[in-house]
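Colleague: Protein sequences appear in the order of chains Y and U.
Under my numbering, the letters of the first sequence match residues 21 to 341, in that order.
Under my numbering, the letters of the second sequence match residues 229 to 605, in that order.
Positions of the beta carbon are idealized from the N, C-alpha and C atoms, including for glycine.
Since this is a predicted model, take the numbers as computed values, not measurements.
Quick one: the structure is below, and I'll ask about it shortly.
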Amino acid sequence: MSDDFAISVRGITKRFGARTVVDNFDMDVPRGSIYGFLGPNGSGKTTTIRIMCGLLTADGGDGSCLGYDIRTQSARIKENVGYMTQRFSLYEDLTIRENLDFVARMYRMKGRRAAVEHALEDLGLADRAGQLAGTLSGGWKQRLALAACMLHKPALLLLDEPTAGVDPKARRDFWDEIRRLSAAGVTVLVSTHYMDEAVQCDYIAYIAYGKKLIAGPSHEIPAMIGLHTWRVQGPDLSALEAELRATPGVEQVARFGAVLHVSGTDAAALEAVAKAGMARGLHRWQKKDAELEEAFIYLMASASDNFSRDDAPEVKAGAAA
Amino acid sequence: MIGFSLGRFWAVLAKEFVQMRRDRLTFGMMVGIPIFQLLLFGFAINTDPHHLPTLVEIVDDGPLTRAVLAGMETSEYFAFVGRVDGIEAGERALRDGTANFVVVVPQGFERDVVRGRSPEILVSADASDPVAVGSAMSALSGILERAIEQTLSGALATAPATPAPFSITLHRQFNPEQVSSVNTVPGLLAVILAMTMVLITAVAIVRETERGTMESLIATPVRPFEVMLGKILPYVFVGYVQTAVFLIAADLLFDVPFLGSHWAFFLGFNLYIVVNLALGFLISTLVRTQMQAMQASFFTILPTILLSGFMFPFAGMPGWAQALGTAIPATHYLRLVRKVMLKGATMADITGDMAAIGVILAVVVLFAMLRYRQTLD
């Protein structure tokens, strides 16, 4: 496996009973990058992350994580990876300092006390170190959890929906921190539902029902899908939106504030629709490059079309950061 | 164990103690349950009841009758609460529970005794609760015999009944006064430890899984063995505290003797604590939530109380129930504690019980190991 990749796995498969949760999954995460892991609920993101850090054993496939074999060297991987779970999973009945101290002891850190004090200073929680972790607000809990999994200075961070249920301000602060870490050379694999978070990633993989649908550098994703988009502005967009949805050649209409993004994969057909619209003179039509937002909405729609199931995919369209 | 880190084990242990200290309810339960049970079982339960309400129907009065009644009263088993007239009144009293016994002295009793016609005194007992009236009934014939013998002294001592060709000497060993608490209290140690050790261990381990902290924990380099040991050892300490509370109470409140070897007691209760912790650990591998852990633990407590010989005599149970009882650690520990405390047993006397607990421990540990997973699979 190449040293350029923090994670490089091939053909990862995981079954729970008769259900295949992760199906023949490949992934290469370049060192030092922020790698976004996207997909609807229940698509196998958490399972994949757990396999990477040795919490689950894969039924098939192999690969390496930080140069260690994910099947046989999970002990070494655990020493060098920071894993932040979806749920707050520090001890609510321990104080902030006790939690950090406990984690530091688990990694047998040298200079433990200094590291804990340092982390407390960084968090700005030094004067509240004696407070029980359970009494913190959602945003603080998540910052504490991040500090805890960064305590042993891991080379790779695995973040499983770290910002679920956290307010927008706290999310922005959190992502500032992620970018700072990434700049310092830490590789970050982060799973998320939020599109405004996805656009901040260097690379993206989209997974649905255990299968990888697409992966690549984030700026190339729209081109990889081959999506063309027109931007529409003008009065009474709701009526136009309904009309366009029924128009052949238009595969997707998404509303962003006071504009519509009208997309399709057939450039010629879409252009014809645009021309007709311009001829009416009511709205302003502008051709634009397809962006990640449209690409994700398109991916989500196709994922739910391909696999119509009860647990319909859910993606939250967050406000662009 | 390869890669075992004393530091990590110690950290888990310390964390567990801190959590235990902050969880007031559980901590209170660990100390409160033994004390509460000791007081209830020790003071409230008595299988040898005295002063049972008794009615008399005296048709023939005389010195013999008075001697018989006085003898019954001084035995303290019977407390005369009044007189009745006629069989029906007596039966009604038994039925509605105002009396446990009705004694009928028949017409011409005095005369018939003197003439050697061996008249019959009728004692009707409410046997719907055999335990309540049992001791009094078995004491009855001795009481009457003595009372009549003493009164029939002197001239009236016509040929007393020919003496039996042999006599029985009864030694009530180990608990001569048949004090219930002497029997119940040592048995309680077995029940208290079983109740709290199994429950607390199972809940403490499942709590990590339920709250999601187990996931972060096993994502660190910590070894499963370190987690297991660090989580279980604090509860061994709890077991020690409970046993200490128990021993002090047994001595100060109930005057339960401690005749046997202290070493035998110490080894026995350590083994017993370990087997209960292992059982709690096994339960924790079978359930997903603290609620389920609690229910499963209570499921083990019922047979521990009923089939171990704690509440009801083991020898009185049918074969299948005895077989079930034999599989319960409390059955063997109960015998061990009673032997050591009441009968003065030493190491040599308890090897059989220790071996039995050892076998149960081996089976429980085997199952627990088969069920235990290092990963989240």
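Report yes or no: do the segment 207–214 of chain Y and the segment 272–280 of chain Y share at least 3 C-beta pairs separated by less than 8 Å?
Modeller: The segment 207–214 of chain Y, when compared against the segment 272–280 of chain Y, does not touch it at the 8 Å Cβ threshold.
Colleague: Just mark Ile396(U) as buried or exposed, buried being the case when its beta carbon has 16 or more other beta carbons within 10 Å.
Modeller: One-based indexing of the second sequence puts residue 396(U) at position 168. That one is exposed.
Colleague: Could you tell me if Val342(U) is buried or exposed, where buried requires 16 or more neighbouring beta carbons within 10 angstroms of its beta carbon?
Modeller: Numbered from 1 along the second sequence, position 114 holds the residue referred to as residue 342(U). Classification of Val342(U): exposed, given that the 10 Å Cβ count is below 16.
Colleague: Please name the residue, chosen from Leu171(Y), Ser157(Y) and Pro268(Y), that lies closest to Phe122(Y) on a Cα-to-Cα basis.
Modeller: Translated into the one-based positions of the first sequence, residue 122(Y) becomes position 102. Per the Cα distances, Leu171(Y).
Colleague: Distance, Cα to Cα, Ile198(Y) vs Met104(Y)?
Modeller: Reading the first sequence from its first residue, position 178 is the one you call residue 198(Y). Reading the first sequence from its first residue, position 84 is the one you call residue 104(Y). Rounded to whole angstroms, Ile198(Y) to Met104(Y) spans 13 Å at the Cα level.
Colleague: Sorted by chain position, which residues of the same chain lie with C-beta nearer than 7 Å to Asp653(U)'s C-beta, five sequence neighbours on each side aside?
Modeller: A query on residue 653(U) cannot be resolved here, the shown segment of chain U reaching from 229 to 605 and no further.
Colleague: Taking only the alpha-carbon atoms, compute the straight-line gap between Pro188(Y) and Leu594(U) and give it to the nearest angstrom.
Modeller: Sequence index remark: in the first sequence, residue 188(Y) carries index 168 (1-based). Sequence index remark: in the second sequence, residue 594(U) carries index 366 (1-based). Taking the straight line from one Cα to the other gives about 51 Å.
Colleague: Shorter than 7 Å from the beta carbon of Ser444(U) to some beta carbon of chain Y?
Modeller: Counted from its first residue, the second sequence places residue 444(U) at position 216. So yes, Ser444(U) belongs to the interface.
Colleague: What are the boundary residues of the beta strand (DSSP E) that Phe276(Y) is part of?
Modeller: Your numbering for residue 276(Y) matches position 256 in the first sequence. Run containing Phe276(Y): Gln272 to Phe276, per the beta strand (DSSP E) assignment.
Colleague: So, with DSSP's three-state summary, where would you put Asn504(U)?
Modeller: As a first step, residue 504(U) is located in the second sequence; it is residue number 276 there, counting from the start. Helix, per DSSP.
Colleague: Which same chain residues, not among the five before or five after Leu417(U), have their C-beta less than 6 Å away from its C-beta?
Modeller: In the second sequence, counting from the first residue as 1, residue 417(U) sits at position 189. Contacts found: Phe474 and Val565.
Colleague: Say whether the segment 238–256 of chain Y touches the segment 307–314 of chain Y, bearing in mind that this needs 3 or more beta-carbon pairs closer than 8 Å, one atom from each stretch.
Modeller: Counting Cβ pairs under 8 Å, three or more are found: they touch.
Colleague: Report yes or no: is there a C-beta of chain Y within less than 7 Å of the C-beta of Pro449(U)?
Modeller: Here residue 449(U) is taken as the residue at index 221 of the second sequence, counted from 1. Chain Y, which has a Cβ nearer than 7 Å to the Cβ of Pro449(U), makes this yes.
Colleague: Output yes if chain U places a C-beta closer than 7 Å to the C-beta of Asp113(Y); else output no.
Modeller: In the first sequence, the residue the question calls residue 113(Y) occupies position 93. Yes, Asp113(Y) lies at the interface with chain U (some Cβ there is under 7 Å from its Cβ).
Colleague: Over the uninterrupted beta strand (DSSP E) stretch that includes Lys571(U), give me the two end residues.
Modeller: The sequence position of residue 571(U) within the second sequence is 343, counting from 1. Element bounds for Lys571(U): not the beta strand (DSSP E) but the alpha helix (DSSP H), Pro557 to Lys571.
Colleague: Please determine, among Gln253(Y), Leu164(Y) and Leu86(Y), the residue with the shortest C-alpha to C-alpha distance to Leu145(Y).
Modeller: Here residue 145(Y) refers to the residue found at position 125 of the first sequence. For Leu145(Y), the nearest C-alpha among the options comes from Leu164(Y).
Colleague: By the DSSP assignment, the beta strand (DSSP E) with Phe308(U) in it spans what residues?
Modeller: As a first step, residue 308(U) must be located in the second sequence, where it is residue number 80. First-last of the beta strand (DSSP E) with Phe308(U): Phe306 to Arg311.
Colleague: Taking Cys73(Y) and Val101(Y) to be in contact with their CB atoms under 8 Å, please state how far apart those CB atoms are, rounded to whole angstroms.
Modeller: In the first sequence, residue 73(Y) corresponds to position 53, counting from 1. In the first sequence, residue 101(Y) corresponds to position 81, counting from 1. About 5 Å separates the two Cβ atoms, so the contact holds.
Colleague: Once you ignore the five residues that flank Gly230(Y) on each side, which residues in its own chain have a CB closer than 6 Å to its CB?
Modeller: As a working note, residue 230(Y) is residue 210 in the first sequence. Counting only Cβ-Cβ distances below 6 Å, and skipping sequence neighbours, we find Thr40, Val41, Val42, Asp43 and Gly64.
Colleague: Taking 7 Å as the cut-off, decide whether the C-beta atoms of Met423(U) and Ile529(U) are in contact.
Modeller: Against the second sequence, residue 423(U) aligns to sequence position 195. Against the second sequence, residue 529(U) aligns to sequence position 301. Yes. Within cutoff.
Colleague: Who are Thr212(Y)'s beta bridge partners in DSSP?
Modeller: Translated into positions along the first sequence, residue 212(Y) becomes position 192. Bridge partners of Thr212(Y): Leu58(Y).
Colleague: Give the interface partners of Tyr88(Y) over in chain U, defined as CB-CB distance under 9 Å, in chain order.
Modeller: Mapped onto the first sequence, residue 88(Y) falls at position 68. Ordered by position in chain U, no residue passes the 9 Å Cβ test against Tyr88(Y), which lies about 12 Å from the chain.
Colleague: By the criterion of Cβ-Cβ separation under 9 Å, what are the contact partners of Ala95(Y) in chain U?
Modeller: Residue numbering aside, residue 95(Y) sits at position 75 when the first sequence is read from its first letter. Chain U residues near Ala95(Y): Gly231, Pro449 and Arg451.
Colleague: Provide the residue span of the alpha helix (DSSP H) that contains Ile599(U), from first to last.
Modeller: Here residue 599(U) refers to the residue found at position 371 when the second sequence is read from its first residue. In the sequence under discussion, the amino acid at residue 599(U) is Arg, which differs from the Ile named in the question. Counting along the chain, the alpha helix (DSSP H) containing Arg599(U) begins and ends at Met575 to Arg599.
Colleague: Let me know the secondary structure DSSP gives Val296(U) once reduced to three states.
Modeller: Numbered from its first residue, the second sequence carries residue 296(U) at position 68. The answer is helix: DSSP assigns Val296(U) an H, G or I state.
Colleague: At the 7 Å Cβ level, is Gly440(U) part of the contact set with chain Y, yes or no?
Modeller: Position 212 of the second sequence holds residue 440(U). Yes, Gly440(U) lies at the interface with chain Y (some Cβ there is under 7 Å from its Cβ).
Colleague: Do you know how far the Cα of Phe538(U) is from the Cα of Phe306(U)?
Modeller: Along the second sequence, one-based indexing puts residue 306(U) at 78. Along the second sequence, one-based indexing puts residue 538(U) at 310. The straight-line gap from Cα to Cα measures roughly 28 Å.
Colleague: How would you list, in chain order, the residues of chain Y whose beta-carbon sits under 7 Å from the beta-carbon of Arg599(U)?
Modeller: As a first step, residue 599(U) is located in the second sequence; it is residue number 371 there, counting from the start. Here the premise fails: no neighbours, minimum Cβ distance about 17 Å.
Colleague: Would you kindly work out how many angstroms separate the C-alpha atoms of Ile588(U) and Ala558(U), rounded to a whole number?
Modeller: Here residue 588(U) is taken as the residue at index 360 of the second sequence, counted from 1. Here residue 558(U) is taken as the residue at index 330 of the second sequence, counted from 1. About 11 Å.
Colleague: Is any beta-carbon of chain U found at less than 7 Å from that of Met21(Y)?
Modeller: Position 1 of the first sequence holds residue 21(Y). Residue placement at Met21(Y) is poorly supported in this model, since its pLDDT is 43, which falls under 50; the coordinates still yield a value, given next. Chain U contact via Cβ: absent.
Colleague: Can you tell me the Cα-Cα spacing of Lys295(Y) and Leu280(Y), whole angstroms?
Modeller: Position 275 of the first sequence, counting from 1, holds the residue named residue 295(Y). Position 260 of the first sequence, counting from 1, holds the residue named residue 280(Y). Rounded to whole angstroms, Lys295(Y) to Leu280(Y) spans 16 Å at the Cα level.
Colleague: Taking a Cβ distance cut-off of 8 Å, strictly less, list which residues of the segment 243–260 of chain U are near chain Y, in chain order.
Modeller: Hits within the stretch, in order: Lys243, Val246, Gln247, Arg250 and Asp251.
Colleague: Would you call the segment 243–254 of chain U and the segment 277–297 of chain U in contact, with 3 or more CB pairs under 8 Å?
Modeller: In short, these stretches do not touch, since the Cβ pair count stays below three.
Colleague: Comparing C-alpha positions only, which one of Leu76(Y), Arg148(Y) and Phe57(Y) sits nearest to Ser238(Y)?
Modeller: Residue 238(Y) sits at position 218 when you count from the first residue of the first sequence. That would be Phe57(Y), whose Cα lies nearest to the Cα of Ser238(Y).
Colleague: How about Ser356(Y): is its C-beta nearer than 7 Å to some C-beta of chain U?
Modeller: Outside the shown range of chain Y (21 to 341) lies residue 356(Y), about which nothing can therefore be said.
Colleague: Going by the DSSP bridge assignment, what does His281(Y) pair with across the sheet?
Modeller: Within the first sequence, the letter at position 261 stands for residue 281(Y). Bridge partners of His281(Y): Arg251(Y) and Ala274(Y).
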